[in-house]
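The numbering of the sequence shown is the numbering used here, which starts it at 118 and goes up by one. Inspection log for the structure reproduced underneath, given as C-alpha coordinates.
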Amino acid sequence: MNTYQQWISFYTMLRKDVVRIVRIWPQTLLPSIVTSSLYFAIFGAVLGSRIGPMQGVDYMSFVVPGLVMQAVITSAYANTSFTFFSSKFFARSIDEILVSPTPPWLLIAGFISGGIVRALLVGVLVIIVSLLFTHLSLTITNLAVILAFGLLTALLFSLAGLVNGIYAKSIDGINIVPTFVLTPMVYLGGVFYSIKTLPPLVQTLSHFNPIFYLINGFRYGFLGISDVALGTAAGVLIALVVILIGINWYLIRTGLGLRQ
(Lines of atoms letter the chains of each structure in order from A; the text may use other names.)
(Lines give C-alpha, C1' and ligand atoms only; values in the text may rest on other atoms or scores of the structure.)
Protein backbone atom coordinates (compact mmCIF):
# COMPACT_ATOMS: atom_id res chain seq x y z
CA MET A 118 0.00 0.00 0.00
CA ASN A 119 1.23 3.47 -0.85
CA THR A 120 0.88 6.43 1.50
CA TYR A 121 -2.41 7.61 0.01
CA GLN A 122 -3.96 4.14 0.26
CA GLN A 123 -2.80 3.84 3.87
CA TRP A 124 -4.42 7.19 4.66
CA ILE A 125 -7.70 6.13 3.03
CA SER A 126 -7.67 2.89 5.03
CA PHE A 127 -7.01 4.71 8.30
CA TYR A 128 -9.57 7.44 7.57
CA THR A 129 -12.23 4.87 6.71
CA MET A 130 -11.84 3.04 10.02
CA LEU A 131 -11.69 6.30 11.99
CA ARG A 132 -14.69 7.86 10.26
CA LYS A 133 -16.81 4.73 10.72
CA ASP A 134 -16.16 4.68 14.46
CA VAL A 135 -16.56 8.42 15.02
CA VAL A 136 -19.87 8.44 13.14
CA ARG A 137 -21.06 5.59 15.35
CA ILE A 138 -19.97 7.44 18.51
CA VAL A 139 -21.84 10.60 17.50
CA ARG A 140 -24.92 8.76 16.24
CA ILE A 141 -25.48 6.86 19.48
CA TRP A 142 -24.20 9.61 21.82
CA PRO A 143 -26.73 8.71 24.56
CA GLN A 144 -24.81 5.43 24.90
CA THR A 145 -21.25 6.59 24.20
CA LEU A 146 -21.04 10.06 25.78
CA LEU A 147 -23.96 10.64 28.12
CA PRO A 148 -23.38 7.84 30.71
CA SER A 149 -19.95 9.16 31.71
CA ILE A 150 -21.35 12.69 32.09
CA VAL A 151 -24.23 11.52 34.27
CA THR A 152 -22.00 9.31 36.43
CA SER A 153 -19.43 12.07 36.90
CA SER A 154 -22.15 14.60 37.76
CA LEU A 155 -23.36 12.31 40.52
CA TYR A 156 -19.82 12.01 41.89
CA PHE A 157 -19.40 15.79 41.78
CA ALA A 158 -22.70 16.35 43.56
CA ILE A 159 -22.00 13.76 46.26
CA PHE A 160 -18.38 14.68 46.96
CA GLY A 161 -18.87 18.39 46.40
CA ALA A 162 -22.16 19.16 48.10
CA VAL A 163 -22.42 16.30 50.62
CA LEU A 164 -19.03 14.92 51.61
CA GLY A 165 -16.52 17.51 50.45
CA SER A 166 -17.10 20.02 53.24
CA ARG A 167 -16.90 17.30 55.89
CA ILE A 168 -13.72 15.72 54.57
CA GLY A 169 -11.90 19.03 54.33
CA PRO A 170 -8.81 19.99 52.27
CA MET A 171 -6.55 17.36 50.73
CA GLN A 172 -2.89 18.31 50.19
CA GLY A 173 -3.73 21.99 50.62
CA VAL A 174 -6.64 22.18 48.14
CA ASP A 175 -10.36 21.80 48.66
CA TYR A 176 -11.54 18.21 48.35
CA MET A 177 -13.78 18.82 45.34
CA SER A 178 -10.90 20.22 43.30
CA PHE A 179 -8.70 17.33 44.43
CA VAL A 180 -11.02 14.59 43.12
CA VAL A 181 -11.97 16.20 39.80
CA PRO A 182 -8.78 15.19 37.88
CA GLY A 183 -9.19 11.60 39.07
CA LEU A 184 -12.84 11.49 38.03
CA VAL A 185 -11.94 12.88 34.60
CA MET A 186 -9.30 10.18 34.22
CA GLN A 187 -11.82 7.54 35.30
CA ALA A 188 -14.15 8.64 32.49
CA VAL A 189 -11.30 8.70 29.96
CA ILE A 190 -10.10 5.23 30.94
CA THR A 191 -13.48 3.53 30.79
CA SER A 192 -14.48 5.26 27.54
CA ALA A 193 -11.23 4.44 25.71
CA TYR A 194 -11.24 0.83 26.86
CA ALA A 195 -14.91 0.16 26.21
CA ASN A 196 -14.94 1.76 22.77
CA THR A 197 -11.95 -0.08 21.33
CA SER A 198 -12.77 -3.47 22.83
CA PHE A 199 -16.39 -3.36 21.62
CA THR A 200 -15.51 -1.98 18.17
CA PHE A 201 -13.01 -4.74 17.50
CA PHE A 202 -15.23 -7.42 18.98
CA SER A 203 -18.22 -6.34 16.87
CA SER A 204 -16.11 -6.27 13.70
CA LYS A 205 -14.95 -9.80 14.49
CA PHE A 206 -18.24 -11.47 15.46
CA PHE A 207 -21.10 -9.26 14.29
CA ALA A 208 -20.13 -7.38 11.12
CA ARG A 209 -17.34 -9.87 10.25
CA SER A 210 -15.49 -6.98 8.62
CA ILE A 211 -12.23 -8.01 10.27
CA ASP A 212 -11.97 -10.87 7.76
CA GLU A 213 -11.81 -8.43 4.84
CA ILE A 214 -9.23 -6.28 6.64
CA LEU A 215 -7.01 -9.27 7.40
CA VAL A 216 -6.91 -10.43 3.79
CA SER A 217 -6.23 -6.91 2.56
CA PRO A 218 -2.68 -5.47 2.33
CA THR A 219 -3.36 -3.34 5.43
CA PRO A 220 -0.22 -3.59 7.63
CA PRO A 221 -0.66 -4.48 11.32
CA TRP A 222 0.41 -1.04 12.57
CA LEU A 223 -2.25 0.62 10.42
CA LEU A 224 -4.94 -1.76 11.65
CA ILE A 225 -3.96 -0.96 15.24
CA ALA A 226 -4.01 2.79 14.54
CA GLY A 227 -7.41 2.57 12.85
CA PHE A 228 -9.10 0.70 15.68
CA ILE A 229 -7.64 2.66 18.58
CA SER A 230 -8.22 6.07 16.99
CA GLY A 231 -11.96 5.90 17.64
CA GLY A 232 -11.34 5.03 21.28
CA ILE A 233 -8.97 7.98 21.63
CA VAL A 234 -11.50 10.38 20.08
CA ARG A 235 -14.31 9.16 22.31
CA ALA A 236 -12.15 9.26 25.45
CA LEU A 237 -10.97 12.82 24.78
CA LEU A 238 -14.52 13.98 24.01
CA VAL A 239 -15.76 12.47 27.26
CA GLY A 240 -12.84 13.97 29.18
CA VAL A 241 -13.58 17.47 27.87
CA LEU A 242 -17.29 17.11 28.63
CA VAL A 243 -16.62 15.91 32.18
CA ILE A 244 -14.26 18.85 32.76
CA ILE A 245 -16.97 21.23 31.55
CA VAL A 246 -19.48 19.65 33.92
CA SER A 247 -16.98 19.93 36.80
CA LEU A 248 -16.92 23.71 36.35
CA LEU A 249 -20.48 23.75 37.69
CA PHE A 250 -19.16 22.42 41.00
CA THR A 251 -15.67 23.90 41.37
CA HIS A 252 -13.36 26.59 39.98
CA LEU A 253 -10.83 24.08 38.69
CA SER A 254 -10.08 26.13 35.56
CA LEU A 255 -8.59 28.87 37.75
CA THR A 256 -5.95 26.55 39.21
CA ILE A 257 -4.46 25.07 36.02
CA THR A 258 -0.72 24.67 36.57
CA ASN A 259 0.47 23.25 33.25
CA LEU A 260 -1.85 22.83 30.26
CA ALA A 261 0.77 20.85 28.31
CA VAL A 262 0.93 18.24 31.10
CA ILE A 263 -2.88 17.95 31.11
CA LEU A 264 -3.01 17.41 27.35
CA ALA A 265 -0.08 14.97 27.36
CA PHE A 266 -1.42 12.79 30.16
CA GLY A 267 -4.95 12.91 28.76
CA LEU A 268 -3.77 11.78 25.33
CA LEU A 269 -1.40 9.12 26.66
CA THR A 270 -4.10 7.72 28.94
CA ALA A 271 -6.58 7.53 26.06
CA LEU A 272 -3.92 5.84 23.92
CA LEU A 273 -2.92 3.38 26.65
CA PHE A 274 -6.40 2.13 27.40
CA SER A 275 -7.44 2.07 23.76
CA LEU A 276 -4.51 -0.29 23.22
CA ALA A 277 -5.53 -2.33 26.27
CA GLY A 278 -9.10 -2.50 24.97
CA LEU A 279 -7.82 -3.77 21.63
CA VAL A 280 -6.03 -6.66 23.34
CA ASN A 281 -9.29 -7.52 25.11
CA GLY A 282 -11.25 -7.25 21.86
CA ILE A 283 -8.84 -9.60 20.09
CA TYR A 284 -9.10 -12.30 22.74
CA ALA A 285 -12.78 -11.90 23.71
CA LYS A 286 -15.05 -14.75 22.61
CA SER A 287 -18.28 -13.19 23.89
CA ILE A 288 -19.72 -9.95 25.26
CA ASP A 289 -19.03 -11.29 28.76
CA GLY A 290 -15.37 -11.51 27.80
CA ILE A 291 -15.38 -7.76 27.18
CA ASN A 292 -17.30 -6.78 30.30
CA ILE A 293 -15.37 -8.89 32.80
CA VAL A 294 -12.14 -6.88 32.60
CA PRO A 295 -13.68 -3.43 33.25
CA THR A 296 -15.78 -4.86 36.06
CA PHE A 297 -13.21 -6.92 37.93
CA VAL A 298 -9.90 -5.31 36.92
CA LEU A 299 -10.25 -1.70 35.78
CA THR A 300 -12.81 -0.55 38.34
CA PRO A 301 -10.82 -1.74 41.40
CA MET A 302 -7.60 -0.32 39.93
CA VAL A 303 -9.24 3.07 39.37
CA TYR A 304 -10.69 3.29 42.87
CA LEU A 305 -7.40 2.17 44.41
CA GLY A 306 -5.36 4.48 42.20
CA GLY A 307 -5.84 7.65 44.24
CA VAL A 308 -8.97 9.14 42.69
CA PHE A 309 -10.52 10.00 46.07
CA TYR A 310 -7.47 10.20 48.32
CA SER A 311 -3.75 10.85 48.54
CA ILE A 312 -1.71 7.71 49.20
CA LYS A 313 0.13 9.70 51.86
CA THR A 314 -2.90 9.12 54.08
CA LEU A 315 -2.46 5.33 53.79
CA PRO A 316 -0.33 2.94 55.86
CA PRO A 317 3.23 2.44 54.53
CA LEU A 318 2.54 -1.07 53.17
CA VAL A 319 -0.51 0.09 51.22
CA GLN A 320 1.46 3.06 49.89
CA THR A 321 4.07 0.66 48.54
CA LEU A 322 1.43 -1.55 46.92
CA SER A 323 -0.17 1.51 45.29
CA HIS A 324 3.01 2.06 43.28
CA PHE A 325 2.31 -1.18 41.41
CA ASN A 326 -0.98 0.24 40.13
CA PRO A 327 -0.36 1.98 36.76
CA ILE A 328 -3.51 4.08 37.15
CA PHE A 329 -1.92 5.69 40.23
CA TYR A 330 0.72 7.30 37.98
CA LEU A 331 -1.60 8.66 35.31
CA ILE A 332 -4.05 10.14 37.85
CA ASN A 333 -1.24 11.89 39.72
CA GLY A 334 0.30 13.21 36.51
CA PHE A 335 -3.05 14.59 35.39
CA ARG A 336 -3.69 16.06 38.84
CA TYR A 337 -0.32 17.79 38.74
CA GLY A 338 -1.32 19.52 35.50
CA PHE A 339 -4.35 21.02 37.21
CA LEU A 340 -3.27 21.58 40.80
CA GLY A 341 0.52 21.31 40.85
CA ILE A 342 0.43 18.49 43.42
CA SER A 343 1.30 14.83 43.01
CA ASP A 344 2.22 11.80 45.12
CA VAL A 345 4.90 10.79 42.61
CA ALA A 346 7.48 12.61 40.48
CA LEU A 347 6.06 13.82 37.16
CA GLY A 348 8.91 12.26 35.20
CA THR A 349 8.30 8.89 36.83
CA ALA A 350 4.58 9.05 36.05
CA ALA A 351 5.25 9.94 32.40
CA GLY A 352 7.92 7.24 32.10
CA VAL A 353 5.61 4.51 33.41
CA LEU A 354 2.83 5.62 31.08
CA ILE A 355 5.07 5.71 27.99
CA ALA A 356 6.61 2.32 28.84
CA LEU A 357 3.17 0.73 29.13
CA VAL A 358 2.11 2.26 25.80
CA VAL A 359 5.19 0.82 24.08
CA ILE A 360 4.58 -2.62 25.62
CA LEU A 361 0.93 -2.70 24.54
CA ILE A 362 1.80 -1.56 21.02
CA GLY A 363 4.21 -4.50 20.82
CA ILE A 364 1.61 -6.95 22.16
CA ASN A 365 -1.06 -5.76 19.74
CA TRP A 366 1.33 -5.85 16.80
CA TYR A 367 2.34 -9.41 17.64
CA LEU A 368 -1.25 -10.60 18.07
CA ILE A 369 -2.39 -9.10 14.78
CA ARG A 370 0.77 -10.09 12.89
CA THR A 371 0.43 -13.72 13.97
CA GLY A 372 -3.38 -13.82 13.91
CA LEU A 373 -3.70 -15.06 17.51
CA GLY A 374 -7.29 -14.74 18.63
CA LEU A 375 -8.37 -13.52 15.20
CA ARG A 376 -8.71 -16.52 12.98
CA GLN A 377 -11.81 -18.46 13.91
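Each residue gets a CB set at the ideal place from its N, CA and C atoms; glycine is no exception.
| Check | Outcome |
| --- | --- |
| Check whether the region 336-354 touches the region 215-234, taking contact to mean three or more Cβ pairs, one atom from each stretch, closer than 8 Å. | no |
| Quick one: using the 10 Å Cβ neighbour count with 16 as the cut-off for buried, is S153 buried or exposed? | buried |
| Across which residues does DSSP place M130 in a beta bridge pair? | Per DSSP, none; premise fails for M130. |
| Taking contact to mean at least 3 C-beta pairs separated by less than 8 Å, is the region 309-328 in contact with the region 224-243? | no |
| When burial is assigned at 16 or more other CB atoms within 10 Å of the CB, is N119 buried or exposed? | exposed |
| Can you tell me where the alpha helix (DSSP H) with K205 in it begins and where it stops? | Y176 to F206 |
| For V189, count the other beta carbons within 10 Å of its own beta carbon; 16 or more makes it buried, fewer makes it exposed. Which is it? | buried |
| DSSP three-state call for M118: helix, strand or coil? | coil |
| Within 10 Å of its beta-carbon, does T145 have 16 or more other beta-carbons around it, so buried, or fewer, so exposed? | buried |
| Where are the alpha helix (DSSP H) runs, 4 residues long or more, that stay fully inside the region 140-176, in chain order? | 142-145, 147-158 and 165-168 |
| According to DSSP, simplified to helix, strand and coil, what is S217? | coil |
| Report yes or no: do three or more beta-carbon pairs, one from the region 266-274 and one from the region 328-344, lie closer than 8 Å? | yes |
| Measure from the alpha carbon of Y121 to the alpha carbon of each residue in V139, L223 and A195, then state which is nearest. | L223 |
| Compute the Euclidean distance between the alpha carbons of F201 and G169, then round it to the nearest angstrom. | 44 Å |
| Does DSSP put L248 in a helix, a strand or coil? | coil |
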